[in-house]
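In my numbering, the protein residues as written are 335 to 366. In this text, a Cβ means the ideal position worked out from N, Cα and C, and glycines have one as well. Quick caveat, the model's predicted, so the values are computed rather than measured. Let me begin by presenting the structure, written as structure tokens, before commenting on it.
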Amino acid sequence: MVNGVRRKVRRAVRRTVKRVVKRKVKRAVRRR
Numbered sequence: 335m336v337n338g339v340r341r342k343v344r345r346a347v348r349r350t351v352k353r354v355v356k357r358k359v360k361r362a363v364r365r366r
């Protein structure tokens with residue numbers, strides 16, 4: 335059961351990371 339939970343968590347983390355990256359990109363574009 336633990337392994338299954340970890341897999342789901344990793345997928346969720348990847349989604350949140352993509353969102354954070356998009357925010358950083360927007361900030362970088364504004365600086366330019």
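Distance, Cα to Cα, residue i vs residue j?
i	j	result
VAL359	ALA346	20 Å
VAL336	LYS342	10 Å
VAL385	ARG366	Only positions 335 to 366 of the chain appear in the structure, and residue 385 is not among them; the question remains open.
ARG340	VAL354	21 Å
ARG357	ARG364	11 Å
DSSP three-state call for residue i: helix, strand or coil?
i	result
ARG344	helix
ARG366	coil
Leaving out five residues before and five after residue i in sequence, what residues of the same chain have Cβ atoms less than 6 Å from its Cβ?
i	result
ALA362	none
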